[in-house]
Amino acid sequence: MSMIFGVPMAVLFGQLLIGVINGAFYALLSLGLAVIFGLLKIINFAHGAMYMLGAMGTVILFDTLGVNYWVALFLAPVL
């Protein structure tokens, strides 16, 4: 198995993928805030609250109600 800096390739690429995904989420949230502030000249954090509400709905559906993970990801924004 090949390693880079003493870290297995699979672990390194997994961590890089998680970093890219988190960066995409942060970019999406910050761009939403920038567009709202740029157009309305009002600081509005409602899109962040809605993002958190959707994430919490997914966790509740998945953990508490036992819904499949992918189904919970689809149902949370709909609900």
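Residue 1137 is where the sequence shown starts when you use the working numbering, and the numbers rise one by one after that. Built from N, CA and C at the ideal position, the CB exists for glycine as well. Nothing here was measured: the structure is a model prediction, and the numbers come from that model.
- Beta-bridge annotation (DSSP): P1144 is paired with M1139.
- In this structure, the CA atom of V1214 is about 17 Å from the CA atom of G1184.
- L1201 is classed as exposed because its beta carbon has fewer than 16 other beta carbons within 10 Å across all chains shown.
- When secondary structure is reduced to three states using DSSP, F1161 falls in the helix class.
- Taking all protein chains shown into account, L1197 has 16 or more neighbouring C-beta atoms within 10 Å of its C-beta and is therefore buried.
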